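Below is one structure, written out as structure tokens, with a few remarks after it.
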Amino acid sequence: MLMLAALTIGLSAAARAQPAEKITVVLDVRTEGRPTRDAAADRLLAAVQHGLETIGDVEVAPREHARRTIWIVTGAGAAPSASVIVTERYDRETLMVLGIEDDDMAERMMALQIVVDHQIFTGGDTAALAKRIVGSINDGLFERLRKIKPKP
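Under our numbering, residue 1508 is the last one in the sequence shown; the count climbs by one each step, no gaps.
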């Protein structure tokens, strides 16, 4: 009887334990003053994307599947540098909580990008720069997001 009770409690705890929701982001890398990425920006994009993908609860996704965008603008100079801005779009649920019930106003507001983080990085090379960017975002913004209680 005691084993049955312990098994029942264990099963109910396991049923409640759900994997954490993934932090889904878009990654957009550009080169300062140019309409397209240069080779250094391409290398930084690959390195940052790889770093983000190694974090278990982070997913790099297409724009239509993520509320958050990590914008990286690489410096055009010889030394590796980057300006990193993380933005987030409002979702309909948040706007309802804020009292925005009009559909036209909500559509306009959901098109906006709200800046939630901005940092400037320098590094000895592209790998070091990417490591600093990923580490800072993971230890800062992502850590704060992990502490938010999931909605029931």
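We put the CB at the ideal spot given by N, CA and C, even for glycine. All figures in this text were calculated on a predicted structure; none of them were measured in a lab.
Residue i and residue j closer than 7 Å at C-beta
i: Glu1388; j: Ala1417; result: no
i: Val1385; j: Ala1397; result: yes
i: Phe1498; j: Ile1489; result: no
i: Arg1379; j: Leu1501; result: In the sequence as displayed, the identity of residue 1379 is Ile instead of Arg. Going by C-beta atoms, Ile1379 is nearer than 7 Å to Leu1501.
Beta-carbon proximity list for residue i, same chain, < 7 Å, skipping 5 on both sides
i: Ser1492; result: Gln1475
i: Lys1487; result: Gly1407
i: Ala1370; result: Residue confidence for Ala1370 is low, a pLDDT of 44 falling below 50, so the modelled location carries little weight; the figure read from the coordinates is stated next. Closer than 7 Å at Cβ, skipping near neighbours: no residue.
i: Ala1456; result: Looking at the sequence shown, residue 1456 is not Ala but Ile. Excluding positions up to five away in sequence, the list reads Ala1462 and Met1465.
i: His1421; result: Thr1380
Sequence-distant residues of its chain with Cβ nearer than 6 Å to residue i (five each side left out)
i: Ser1444; result: According to the sequence shown, residue 1444 is Glu rather than Ser. Answer for Glu1444: Arg1423, Arg1424, Ile1470 and Val1472, listed in chain order.
i: Arg1419; result: Val1382
i: Thr1392; result: none
i: Lys1503; result: none
Candidates the options, of which the one nearest residue i by Cα
i: Thr1482; options: Ile1379, Gly1412, Ala1438 and Arg1386; result: Ala1438
i: Leu1383; options: Arg1399, Val1404, Pro1391 and Asp1394; result: Val1404
i: Ile1428; options: Arg1399, Met1466, Val1453 and Ile1411; result: Arg1399
i: Asp1394; options: Asn1494, Ala1434 and Asp1459; result: Ala1434
i: Leu1468; options: Gly1480, Leu1451, Gly1455 and Gly1479; result: Leu1451
i: Val1442; options: Gly1496, Thr1410 and Lys1503; result: Gly1496
i: Thr1410; options: Glu1463, Asn1494 and Val1453; result: Asn1494
Contact with chain B by residue i, beta-carbon distance below 7 Å
i: Glu1377; result: The structure shown has no chain B; it contains just one protein chain.
Distance between beta carbons of residue j and residue i, contact taken as under 8 Å
i: Met1414; j: Val1381; result: The sequence as given places Val at residue 1414; Met does not occur at that position. Rounded, the Cβ-Cβ distance is 7 Å, consistent with contact.
i: Arg1448; j: Met1466; result: 7 Å
Beta-carbon proximity list for residue i, same chain, < 8 Å, skipping 5 on both sides
i: Ala1484; result: Pro1436
i: Gly1480; result: Pro1436
i: Arg1390; result: Ala1432
The ligand PLP heavy atom lying under 6 Å from the CB of residue i
i: Arg1393; result: In terms of ligand content, the structure shown is empty, and the ligand PLP therefore cannot be addressed.
ask   = What are the uninterrupted segments assigned as beta strand (DSSP E) that are 3 or more residues long and contained completely in the segment 1400–1468, given in chain order?
value = Counting whole runs of 3 or more residues, the segment 1400–1468 contains the beta strand (DSSP E) stretches 1414–1416, 1424–1430 and 1437–1444.
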